[in-house]
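Respectively, the protein sequence lines represent chains A and B.
Under our numbering, the letters of the first sequence match residues 1 to 457, in that order.
Under our numbering, the letters of the second sequence match residues 458 to 914, in that order.
Even for Gly, the Cβ is constructed at its ideal location relative to N, Cα and C.
Being a predicted model, the structure only gives us computed values, none of them experimental.
There are 2 protein chains.
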Amino acid sequence: MTASVTAPGEARTPRTGDPGTGGFRLDTSSLHASVTDPALTSMTLLNDIAGRYPEAVSFAAGRPYEGFFDTGSLPRQLRAFEEHLEGAGLGPDGIRRVFFQYGRTKGVIHDLIARHLALDEALTVDPESVVVTTGAQEAMVLVLRALRRDAQDLVLTAAPAYVGFLGATRLVDMPVRSVREGPGGIDLDDLADQIRSARREGLRPRACYVVPDFANPSGASMSLADRQRLVDLAEREDILLLEDNPYSFFHAGVPRMPTLKALDRARRVVYFGSFAKTAYAGARIGYVVADQPVAGDPGAVLFADQLARLKSMLTLNTSTVAQAAIGGFLVENGCSMERASRRVAAVYQRNLRAVLDGLEERFGSGSGFRPAGAVSWNSPSGGMFVVVTLPFVADDAALECSAAEFGVLWTPMHHFYGGTAGFRQIRLSYSVLTPEQIGEGLDRLASFTAAGARLDR
Amino acid sequence: MTASVTAPGEARTPRTGDPGTGGFRLDTSSLHASVTDPALTSMTLLNDIAGRYPEAVSFAAGRPYEGFFDTGSLPRQLRAFEEHLEGAGLGPDGIRRVFFQYGRTKGVIHDLIARHLALDEALTVDPESVVVTTGAQEAMVLVLRALRRDAQDLVLTAAPAYVGFLGATRLVDMPVRSVREGPGGIDLDDLADQIRSARREGLRPRACYVVPDFANPSGASMSLADRQRLVDLAEREDILLLEDNPYSFFHAGVPRMPTLKALDRARRVVYFGSFAKTAYAGARIGYVVADQPVAGDPGAVLFADQLARLKSMLTLNTSTVAQAAIGGFLVENGCSMERASRRVAAVYQRNLRAVLDGLEERFGSGSGFRPAGAVSWNSPSGGMFVVVTLPFVADDAALECSAAEFGVLWTPMHHFYGGTAGFRQIRLSYSVLTPEQIGEGLDRLASFTAAGARLDR
């Protein structure tokens, strides 16, 4: 066992080793295009840079806070789930079967998830419409796989977009069109334009991916009016909405906005949920609510039934051990993720204030930073991310310089635009830092920015 | 919580509920073909039949034995893995990160798996060539996704074939050609013929899927000479071998045959491993060894590196909680799955003898069964399956009759031939039964067979 186990991602340069001299080599040009697609390789490259500067203050990693992790919680949560099953009338054999045997394809904590959605999101969903997945990532792949029938299909997404969604589209050859995003989230006029122009080209826009609360990477949130307009637009334009909701509990204490799914009267919203940020990421437990009725399939009532079929050939079922752990987490918290997230939400709010105050101190109008006004940023009220616009190109080369010479890491935003925009923007993630580290990191960022602005690349 | 949690698969008829009258319905004809492919739907239909006859003796389920499952083992195994990490020098923060944070894409028990392969299979593999996956199923999808570049690519498999492999090909639109199988496994001449004829058609045969030990469903095993010939053939014909090895530990105590991977000097074998049958299926922990060097990809040394990229957009990483549990299982067993499997292998051997002796008693030459010789079966020396050939069509309708009127379930073999053959064959799985249940089930099977032979469909 080596330190490689502790690596947060693929942070190492690939081993050179001895993969054989001469002889058989797999020709990359003979493989599917996704293997070398930038949507899949860029995060590895960024992790590689991060891995080479372990002493740098990192605003790069979008990882959840680690301070409340406790290995002692696992046996307790497993036991809590076992008691939950006992309480539901399962005997010892049945319980052992749930824990260890091949399981129900749609999962075994679907009822607890439905209870959570009722409690926290005022969403009444049929537990049969829930498919528990190996993180929300698998759920995205399932939905995209189903929706990509042939070369005419495409999906839309607000840009900048979560790289994981872009990567999932590559695995199933689903083309993506970018929709403009403003401070209030996706631009609805642009969305309607894009749908219509795709149709004029003979294409089938199937769905639009959107993160209405504290989006990754932009931090943007949608107003209630825009949420309602988006749901209406989906019905009018005959598309699905793929709503992803990993961050909404990390708010400033104000009443949360309803999800798109809660506004969805026409079953136009497929809803992705995740426990990666509210419980822990390592379990890889997410889910999809797919309550769309289906026509033309005698063996399926809901879209969820069809997604389960695909899942049965992708991962068979989501790890029951991991489901039991997250099931116990849900039970321990009375199925309220709002309640379960309060501690960590407070950490993120504290850090968000440290970032926004720190940016104001160092780059604000009273800060004396020159060129004045050259550095700007948005001010999300929650989530895990802030976007800063710099007066120079902030690409991977700039990141390498920032890491090597100034000891501070961040994420170049162009990766979230598929390399087509965002070249002067960076994403700051503050979830795993202390306020002290944030202060130190912003000092370093200010030095880097001053140097970069002088070079004015 | 209802009894639905205990269902071993999708054994229920879909709920009719109220999916909305009128309004939006998802048109199945607008979805990817895999959604309704028989390779994905057939097992659901079979489970549905099984679910309607809970009192029947079931030779249908390919599930592992449940008698050694123990929820108390989980905290112990999690702790064993924690101690293993401590022993490797990880501090408390590092350990918590391994358990709960987003993890290394290729997994965190790769070194333990490499040790297991060295110990049990005399296989020396670079831990960097191991990708831990959400069961071997995900590994198959990853490899097939990579190998399916365009419409020219295809794979081969011995027929009958594991339905999960066929299903995985559907998810990535990979065509499959069937190769004949005899009592000694895949027909090597037919394999060479199929490869050449595909090439003559301008197609690219990429790989052949094989289970050399106690294949599912046939129970067939390959001789050492044929293994060597197959590995040589792969090199000569320039294809990969996709070796799947879930059953080899369930042998009769004789020295096991080497895996194809152990004979592979030219790195032509991609090896799938699984802990579903040796530890427990619910964890969903499998892996792939992909030590092929790659050309034309500066960011990757091994095929495993490229598979990890795909995995990073499919499930991000395999559940660390589940990996920790299986990691602890490995540690507790000194990384020997041979040793860990001894108890359950003895159960399967006992049951196999009960099935073979029971078939001989009821259908053998001295049994008085008429028409004499009309029922035959193979005699695997291990694994979980026996194939019986009946003197009449044994399809899904016959199964329904067998269940309803005779109280015995089995699996129609035609599902493993993609519906092109095997209509008079059935697969008997004996892994979850007692010898008494086997005897009772074979009595019922004899009654069903006598009735079927009289009808002589």
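With C-beta atoms as the reference, is residue i less than 8 Å away from residue j?
{"i": "Gln306 of chain A", "j": "Leu773 of chain B", "result": "no"}
{"i": "Glu128 of chain A", "j": "Leu399 of chain A", "result": "no"}
{"i": "Pro175 of chain A", "j": "Leu535 of chain B", "result": "no"}
{"i": "Tyr874 of chain B", "j": "Leu809 of chain B", "result": "no"}
{"i": "Gly676 of chain B", "j": "Phe842 of chain B", "result": "yes"}
{"i": "Thr528 of chain B", "j": "Arg104 of chain A", "result": "no"}
{"i": "Asp396 of chain A", "j": "Leu119 of chain A", "result": "no"}
{"i": "Arg656 of chain B", "j": "Asp494 of chain B", "result": "no"}
{"i": "Gly184 of chain A", "j": "Asp226 of chain A", "result": "yes"}
{"i": "Ser491 of chain B", "j": "Arg52 of chain A", "result": "no"}
{"i": "Val387 of chain A", "j": "Pro217 of chain A", "result": "yes"}
Taking all protein chains shown into account, decide if residue i is buried (16 or more other Cβ within 10 angstroms of its Cβ) or exposed.
{"i": "Thr590 of chain B", "result": "buried"}
{"i": "Leu912 of chain B", "result": "exposed"}
{"i": "Gly753 of chain B", "result": "exposed"}
{"i": "Thr777 of chain B", "result": "buried"}
{"i": "Val711 of chain B", "result": "exposed"}
{"i": "Leu899 of chain B", "result": "buried"}
{"i": "Thr581 of chain B", "result": "exposed"}
{"i": "Gly546 of chain B", "result": "exposed"}
{"i": "Leu681 of chain B", "result": "exposed"}
{"i": "Ala215 of chain A", "result": "buried"}
{"i": "Glu82 of chain A", "result": "buried"}
{"i": "Ala404 of chain A", "result": "exposed"}
{"i": "Glu658 of chain B", "result": "exposed"}
{"i": "Asp93 of chain A", "result": "exposed"}
{"i": "Ser822 of chain B", "result": "exposed"}
{"i": "Pro837 of chain B", "result": "buried"}
{"i": "Leu371 of chain A", "result": "The sequence shown places Pro at residue 371 of chain A, not Leu. So Pro371 of chain A counts as exposed."}
Excluding the five sequence neighbours on either side, which residues of its own chain have a C-beta within less than 8 Å of the C-beta of residue i, listed in chain order?
{"i": "Ala207 of chain A", "result": "Val143, Leu147, Val155, Leu156, Ile239, Leu240, Leu241, Leu242 and Val270"}
{"i": "Arg180 of chain A", "result": "Ala158, Ala159, Ile186, Asp187 and Asp190"}
{"i": "Ala802 of chain B", "result": "Phe706, Phe707, His708 and Gly839"}
{"i": "Arg350 of chain A", "result": "Pro435"}
What span of residues does the beta strand (DSSP E) with residue i cover, start to end?
{"i": "Glu243 of chain A", "result": "Leu240 to Asp244"}
{"i": "Asp610 of chain B", "result": "Asp610 to Ala615"}
{"i": "Val388 of chain A", "result": "Phe385 to Thr389"}
{"i": "Val588 of chain B", "result": "Val587 to Thr591"}
Can you name, in chain order, every residue of its own chain whose Cβ lies under 6 Å from the Cβ of residue i, other than the five neighbours on each side?
{"i": "Pro246 of chain A", "result": "Ser274 and Lys277"}
{"i": "Ala757 of chain B", "result": "Val751 and Gln763"}
{"i": "Tyr666 of chain B", "result": "Thr614, Phe622 and Leu699"}
{"i": "Ser486 of chain B", "result": "none"}
{"i": "Gly784 of chain B", "result": "Phe538, Ile566 and Leu569"}
{"i": "Val746 of chain B", "result": "Val582, Ser586, Val587 and Tyr728"}
{"i": "Ser635 of chain B", "result": "Ala616"}
Within the continuous alpha helix (DSSP H) that includes residue i, where are the two ends?
{"i": "Cys401 of chain A", "result": "Asp396 to Cys401"}
{"i": "Tyr348 of chain A", "result": "Arg342 to Phe363"}
{"i": "Leu119 of chain A", "result": "His110 to Glu121"}
{"i": "Ser178 of chain A", "result": "It is not in any alpha helix (DSSP H) - Ser178 of chain A instead sits in the beta strand (DSSP E) that spans Val176 to Val179."}
{"i": "Leu885 of chain B", "result": "Leu885 of chain B -> not in any alpha helix (DSSP H); beta strand (DSSP E) instead, spanning Gln882 to Ser886."}
{"i": "Arg561 of chain B", "result": "Run containing Arg561 of chain B: none; DSSP gives neither H nor E here."}
{"i": "Pro828 of chain B", "result": "Careful: Pro828 of chain B lies outside any alpha helix (DSSP H) and carries neither H nor E."}
{"i": "Ala450 of chain A", "result": "Pro435 to Leu455"}
{"i": "Ser530 of chain B", "result": "Ser530 to Gly544"}
{"i": "Pro495 of chain B", "result": "Pro495 to Arg509"}
{"i": "Pro549 of chain B", "result": "Pro549 to Phe557"}
{"i": "Leu764 of chain B", "result": "Phe760 to Lys768"}
{"i": "Thr777 of chain B", "result": "Thr777 to Glu789"}
{"i": "Ala618 of chain B", "result": "Ala618 of chain B -> no alpha helix (DSSP H), and no H or E assigned at all."}
Which same chain residues, not among the five before or five after residue i, have their C-beta less than 7 Å away from its C-beta?
{"i": "Ala405 of chain B", "result": "Lying before the first or after the last residue shown, residue 405 of chain B is absent from chain B, which here runs from 458 to 914."}
{"i": "Gln323 of chain A", "result": "Gly107, Val108, Ile109, Val132 and Ile285"}
{"i": "Leu233 of chain A", "result": "Leu188, Leu191 and Ala192"}
{"i": "Glu789 of chain B", "result": "Gln534 and Ala537"}
{"i": "Thr775 of chain B", "result": "Gly564, Val589, Thr590, Thr591 and Ile742"}
request  = Run through the region 187 to 248 of chain A for me and flag every whole beta strand (DSSP E) of 3 or more residues, listed as ranges in chain order.
outcome  = 204 to 210 and 240 to 244
task = May I have a chain-ordered list of the beta strand (DSSP E) segments no shorter than 3 residues that lie completely inside the region 698 to 754 of chain B?
result = Inside the region 698 to 754 of chain B, DSSP marks whole beta strand (DSSP E) runs of 3 or more residues at positions 726 to 731 and 742 to 746, from first to last along the chain.
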